[in-house]
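In the numbering used here, the protein residues as written are 5 to 463.
A virtual CB, placed ideally from N, CA and C, is assigned to each residue, including glycine.
Bear in mind the structure is a predicted one, so any value in this text is a computation, not a measurement.
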């Protein structure tokens with residue numbers, strides 16, 4: 005082509021050959037221009053194909069983002085379903101709690117309520133754990149959205165770079181058009197303009213479509229992001245409300261447990277009061293039986309009774325049986341006597357019984373029969389025994405061996421009482437045996453109270 009141009013320039017010397025050379029030179033320039041535009045169009049087509057492949061990549065990324073948005077929506081739907089299940093579970097727990105509270109009114113509650121409390125506590129802990137897992141999944145969705153935003157921002161920058169490249173190519177086309185332009189050749193201008201405008205129009209339309217798709221994808225992504233943010237906020241509010249309701253339910257359950265404990269305490273106090281009444285009733289029955297037994301003893305032995313006259317007669321008998329050296333403020337019952345006569349006393353045979361020895365000075369001994377009571381059962385004091393009354397204490401001795409069974413200071417005795425044939429000692433809480441009452445059947449009631457009156461004063 006360069007050789008042809010040189011030869012053309014060399015033939016300009018004559019008129020005919022000059023015209024032919026000019027026409028051939030114009031044709032060559034036109035061909036070169038067309039070839040140049042073809043090359044430019046080919047390069048532009050390659051760039052368009054490259055940009056089209058890039059557009060396909062962008063479309064694929066946009067579709068991937070849309071799929072991620074759809075998957076996030078599916079996850080949010082699953083979270084809604086889980087929240088609905090949690091709501092149903094909470095309603096069920098509330099109904100069970102109400103049923104438990106209604107069943108507890110006016111009735112004593114068994115130990116199964118403790119298991120219910122433990123079950124409700126475990127359910128509350130499980131629901132709290134599920135709420136925490138839901139929050140973690142929401143955070144994961146938020147991170148996925150942020151990564152999608154970063155990817156979309158990268159695509160936006162890529163579109164901007166393609167737009168800049170398009171503008172650079174347009175400037176290059178304009179520059180080539182100005183450098184290769186020939187105003188005298190209308191056909192050349194037409195061909196050049198046709199090739200450039202078609203290529204430019206196609207590239208412009210493709211870039212505009214790409215930009216439009218990118219803007220549309222950005223809008224869809226923003227809409228999906230706003231929707232997910234709204235749903236996440238709504239879910240957070242619902243979970244907060246549910247957590248508060250669970251706390252309220254836990255507090256109500258705690259109050260119910262406190263009320264249940266109060267009912268149990270009241271029931272225990274009523275049970276103790278009932279047992280105390282039972283004990284009093286048994287004591288009343290026992291005293292009634294003792295009174296009936298004493299009445300039977302009085303009727304079977306007409307010569308022995310619980311009156312002062314009968315006691316004086318027995319004292320006279322004992323004084324007549326005692327040795328001449330025996331002397332006491334209450335004759336017949338002091339430790340100076342060797343034996344004493346006992347008549348018509350249960351667990352004591354009629355006749356003389358040896359008096360205990362080795363006790364404190366100025367002590368008096370009386371045969372008694374320890375009756376049933378809580379204190380006597382606790383310390384195994386039932387049966388026949390010797391009552392020893394000293395200036396500072398009272399004691400019970402074994403019938404045969406005279407071993408000390410029980411001893412209590414007089415300061416610990418609250419009061420002495422008597423019924424028909426039964427002597428009672430009410431012991432205070434500081435007594436060695438503990439607080440309680442001893443009931444002693446005796447036929448020497450008057451003599452015992454005479455001794456107590458002289459030693460301790462009237463009680």
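Output the distance between the C-alpha atoms of residue i and residue j, rounded to the nearest integer angstrom.
{"i": "residue 138", "j": "residue 89", "result": "13 angstroms"}
{"i": "residue 400", "j": "residue 439", "result": "17 angstroms"}
{"i": "residue 134", "j": "residue 260", "result": "26 angstroms"}
{"i": "residue 42", "j": "residue 179", "result": "16 angstroms"}
{"i": "residue 421", "j": "residue 283", "result": "18 angstroms"}
{"i": "residue 280", "j": "residue 381", "result": "16 angstroms"}
{"i": "residue 87", "j": "residue 121", "result": "23 angstroms"}
{"i": "residue 35", "j": "residue 183", "result": "16 angstroms"}
{"i": "residue 293", "j": "residue 447", "result": "16 angstroms"}
{"i": "residue 452", "j": "residue 267", "result": "49 angstroms"}
{"i": "residue 145", "j": "residue 243", "result": "17 angstroms"}
{"i": "residue 149", "j": "residue 229", "result": "7 angstroms"}
{"i": "residue 436", "j": "residue 425", "result": "26 angstroms"}
{"i": "residue 414", "j": "residue 351", "result": "27 angstroms"}
{"i": "residue 257", "j": "residue 129", "result": "14 angstroms"}
{"i": "residue 348", "j": "residue 355", "result": "10 angstroms"}
{"i": "residue 317", "j": "residue 411", "result": "For residue 317, the pLDDT reaches just 48, beneath the cut-off of 50, and the residue's location in the model is therefore unreliable, although a value from the coordinates is still provided. Going by the C-alpha atoms only, they are around 31 angstroms apart."}
{"i": "residue 314", "j": "residue 287", "result": "Its pLDDT being 46, under 50, residue 314 is placed unreliably in this model, and the coordinates cannot settle the point."}
{"i": "residue 142", "j": "residue 161", "result": "29 angstroms"}
{"i": "residue 457", "j": "residue 450", "result": "10 angstroms"}
If you run the structure through DSSP and keep just helix, strand and coil, what is residue i?
{"i": "residue 423", "result": "strand"}
{"i": "residue 433", "result": "coil"}
{"i": "residue 402", "result": "strand"}
{"i": "residue 342", "result": "coil"}
{"i": "residue 158", "result": "helix"}
{"i": "residue 353", "result": "coil"}
{"i": "residue 196", "result": "Residue placement at residue 196 is flagged as unreliable, the pLDDT there being 44, under the threshold of 50; the coordinate-derived value follows with that caveat. Residue 196 falls in the helix class under three-state DSSP."}
Can you check whether the CB of residue j is closer than 9 angstroms to the CB of residue i?
{"i": "residue 213", "j": "residue 159", "result": "no"}
{"i": "residue 369", "j": "residue 362", "result": "no"}
{"i": "residue 232", "j": "residue 77", "result": "yes"}
{"i": "residue 125", "j": "residue 254", "result": "yes"}
{"i": "residue 239", "j": "residue 94", "result": "no"}
{"i": "residue 385", "j": "residue 431", "result": "no"}
{"i": "residue 390", "j": "residue 417", "result": "no"}
{"i": "residue 444", "j": "residue 394", "result": "no"}
{"i": "residue 276", "j": "residue 377", "result": "no"}
{"i": "residue 403", "j": "residue 388", "result": "yes"}
{"i": "residue 392", "j": "residue 367", "result": "yes"}
{"i": "residue 91", "j": "residue 246", "result": "yes"}
{"i": "residue 155", "j": "residue 69", "result": "yes"}
{"i": "residue 80", "j": "residue 236", "result": "yes"}
{"i": "residue 152", "j": "residue 72", "result": "yes"}
Quick one: give me the first and last residue of the beta strand (DSSP E) that residue i is part of.
{"i": "residue 412", "result": "408-413"}
{"i": "residue 445", "result": "440-445"}
Complete alpha helix (DSSP H) runs within the segment 358-401 (minimum length 4 residues, chain order)
Runs found: 378-382.
Runs of 3 residues minimum, wholly inside the segment 217-283: which ones carry the beta strand (DSSP E) assignment?
The beta strand (DSSP E) runs lying completely inside the segment 217-283 and spanning 3 residues or more number zero.
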